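Below: the structure, in structure tokens.
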Amino acid sequence: MLAHRLLTPRVLSSCHVASRGMATNFAKFDWQDPLNIGSLLTEEEAAVRDTARDYCQENLLPRVVEAARTETFDRSIMSEMGALGLLGATIKGYNCAGVSSIAYGLIAREVERVDSGYRSAMSVQSSLVMHPINEFGSEAQKEKYLPRLAKGEIIGCFGLTEPNHGSDPSNMETIAKKTANGGFVLNGSKTWITNSPIADLFLVWAKCDWDGKVRGFLIEKGTPGLSAPAIKNKLALRASITGSIFMDSVKLSPESVLPNGKGLGAPFSCLNNARYGISWGVMGSLEACIQAARDYSLERHQFKRPLASFQLVQKKLADAMSEATLGLLASYQVGRLKDSGEWAPEMVSVIKRNNCGKALQHGRILLDVLGGNACSDEYHIGRHVANLQVTNTYEGKIPLERNLPLFWTHL
1 MLAHRLLTPR VLSSCHVASR GMATNFAKFD WQDPLNIGSL LTEEEAAVRD TARDYCQENL
61 LPRVVEAART ETFDRSIMSE MGALGLLGAT IKGYNCAGVS SIAYGLIARE VERVDSGYRS
121 AMSVQSSLVM HPINEFGSEA QKEKYLPRLA KGEIIGCFGL TEPNHGSDPS NMETIAKKTA
181 NGGFVLNGSK TWITNSPIAD LFLVWAKCDW DGKVRGFLIE KGTPGLSAPA IKNKLALRAS
241 ITGSIFMDSV KLSPESVLPN GKGLGAPFSC LNNARYGISW GVMGSLEACI QAARDYSLER
301 HQFKRPLASF QLVQKKLADA MSEATLGLLA SYQVGRLKDS GEWAPEMVSV IKRNNCGKAL
361 QHGRILLDVL GGNACSDEYH IGRHVANLQV TNTYEGKIPL ERNLPLFWTH L
């Protein structure tokens, strides 16, 4: 009866009459934050975002074109990020900031707004090196490495992917054997490893011959038998240094193994953290593409009118803007669930596959707005799209992840 009364013409008419003469106040629309995600942030999260944005725009953006052209990475970037508390930001203690998962996502977004390669270097340090040491390491390992990693004083890398086993680490060929003194000997190789040529600390995952389980081992630069040559002439992520890891009878002490991580669940938990950050980062990359295409379409005139006045250009920009803000909201939701302990790994797969796919799809579409100028690295957008092709592949290839939620549901 109540529902019926609320829907009667008389009631609807009275509501309409009551609203006559009343002014409706609207908030000012901000195309850079269409759904006002900024209002959902805590004061601390907003401060982290602003700090990261200011640093990235003032210090990373001026470097990125030359870095991509020459395929070089300025090591001082890590110490600069460390000084601002941007490395290992979610870890509590050990000179880390101890901020929320949302704040970490905002850092990834701002860094990747400049370049995916810079974000890769940051997220490898934070999610793939510092996180596993904090999660699976001994107290001695945490105290030895985490403060220095947090400062950017030393740089770490994460060795999981192998030449013959990219998406299938269960069949890894890197082997760890025990020695008579309780130590270990590692033999094997890893490839496509971010930061490896400049790394001071290598977190390498190996299959242990005594029980068949995968474990993580910490190897310091200069250890005999360890080498990490760079992979040159990449078509993407050129502002990030990438390499291989070769281990020829690398001898390690008993203290080198992460004692609290056994099995593939350990490296997968690291990848879940990194994938979460990637879901934020690629939205920053898409936002940079939107900014570049919008600015260009307003300045560029054809047929005596700006490109932005054509409906097809407007549609491309509106579609990209919509997907960027929806993707950010999805990452925001998962971040809140992570911090409240109500998340599941499948959620991270959902936002990683969605946001990476949408960023690449709409980045490619926005390339057309710039016409032939999209080929020039001075406009940045071509570099972003090339990088986004890679983000769809690493840490969970999109064609595989598309089937994961359904697969897990019916196991």
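Residue numbers are given in the UniProt record's numbering: position 16 of the sequence shown equals residue 16, and the series is strictly consecutive. For each residue, glycine too, the CB sits at the ideal point set by N, CA and C. Since we're looking at a predicted model, the values are computed, not measured.
Which term fits residue i, buried or exposed, when burial requires 16 or more other beta carbons within 10 angstroms of its beta carbon?
{"i": "Y394", "result": "buried"}
{"i": "S116", "result": "buried"}
{"i": "Q141", "result": "buried"}
{"i": "L298", "result": "exposed"}
{"i": "A68", "result": "buried"}
{"i": "W210", "result": "exposed"}
{"i": "E342", "result": "exposed"}
{"i": "G382", "result": "buried"}
{"i": "F26", "result": "exposed"}
{"i": "E287", "result": "buried"}
{"i": "N195", "result": "buried"}
{"i": "A108", "result": "buried"}
{"i": "F407", "result": "Its pLDDT being 47, under 50, F407 is placed unreliably in this model, and the coordinates cannot settle the point."}
{"i": "E378", "result": "exposed"}
{"i": "E45", "result": "buried"}
{"i": "L360", "result": "buried"}
{"i": "A236", "result": "buried"}
{"i": "E323", "result": "buried"}
Compute the Euclidean distance between the alpha carbons of residue i and residue j, then round it to the nearest angstrom.
{"i": "residue 416", "j": "L366", "result": "The displayed coordinates of the chain run from 1 to 411. Any statement about residue 416 would go beyond what the structure contains."}
{"i": "L146", "j": "Q302", "result": "55 Å"}
{"i": "M172", "j": "Q314", "result": "48 Å"}
{"i": "N59", "j": "T90", "result": "23 Å"}
{"i": "V64", "j": "G363", "result": "18 Å"}
{"i": "K92", "j": "N373", "result": "46 Å"}
{"i": "L201", "j": "S331", "result": "30 Å"}
{"i": "F29", "j": "T325", "result": "13 Å"}
{"i": "D295", "j": "C208", "result": "55 Å"}
{"i": "K190", "j": "W205", "result": "9 Å"}
{"i": "A176", "j": "L203", "result": "13 Å"}
{"i": "T242", "j": "K232", "result": "8 Å"}
{"i": "V185", "j": "S253", "result": "9 Å"}
{"i": "I198", "j": "Q311", "result": "48 Å"}
{"i": "A47", "j": "S39", "result": "13 Å"}
{"i": "S126", "j": "G212", "result": "28 Å"}
{"i": "G159", "j": "R305", "result": "53 Å"}
{"i": "I155", "j": "V124", "result": "9 Å"}
{"i": "T161", "j": "S269", "result": "15 Å"}
{"i": "A150", "j": "A97", "result": "9 Å"}
{"i": "I245", "j": "Y104", "result": "28 Å"}
{"i": "A344", "j": "R275", "result": "13 Å"}
{"i": "N134", "j": "V348", "result": "20 Å"}
{"i": "L337", "j": "N181", "result": "45 Å"}
Could you spell out where the alpha helix (DSSP H) holding residue i opens and where it closes?
{"i": "W280", "result": "265-299"}
{"i": "I102", "result": "101-114"}
{"i": "K262", "result": "Note, K262: premise wrong, no alpha helix (DSSP H); not H, not E."}
{"i": "A344", "result": "A344 -> no alpha helix (DSSP H), and no H or E assigned at all."}
{"i": "I77", "result": "76-83"}
{"i": "H380", "result": "No alpha helix (DSSP H) contains H380, which DSSP labels as neither H nor E."}
{"i": "L61", "result": "61-70"}
{"i": "Y55", "result": "43-55"}
{"i": "N134", "result": "131-136"}
Among residues of its own chain, excluding the 5 on either side of residue i, which ones have a beta-carbon nearer than 6 Å to its beta-carbon?
{"i": "R49", "result": "L106"}
{"i": "N355", "result": "S279, V282, M283, G327"}
{"i": "C56", "result": "E110, V111, V114"}
{"i": "L307", "result": "S297, R300, V313"}
{"i": "C289", "result": "G363, L366, I381, H384"}
{"i": "C157", "result": "I193, N195, S196, A199, F202"}
{"i": "L128", "result": "F158, C270, A274"}
Excluding the 5 residues flanking residue i on each side, which residues of the same chain have their C-beta closer than 7 Å to its C-beta?
{"i": "M81", "result": "L87, M122, G152"}
{"i": "A239", "result": "V64, A67, A68, F73, D115, G117, Y118"}
{"i": "T391", "result": "S116, I278, V282, C356"}
{"i": "D248", "result": "N187, G225"}
{"i": "T51", "result": "L84"}
{"i": "A292", "result": "Y379, H380, I381"}
Since residue i sits in a beta bridge, which residues does DSSP pair it with?
{"i": "C96", "result": "G93"}
{"i": "E143", "result": "E143 is not bridged to any residue."}
{"i": "W205", "result": "G216"}
{"i": "E162", "result": "H165"}
{"i": "C157", "result": "F202"}
{"i": "L235", "result": "L235 is not bridged to any residue."}
{"i": "S170", "result": "Paired residue(s): none; S170 is not in a bridge."}
{"i": "V257", "result": "F217"}
{"i": "S227", "result": "F246"}
Need the endpoints of the beta strand (DSSP E) that residue i sits in, please.
{"i": "S244", "result": "242-252"}
{"i": "T194", "result": "184-194"}
{"i": "I175", "result": "175-178"}
Taking only heavy atoms of the ligand SAM into account, decide whether any of them is closer than 7 Å to the Cβ of residue i.
{"i": "L41", "result": "As for the ligand SAM, it is missing from this structure, which has no ligand bound."}
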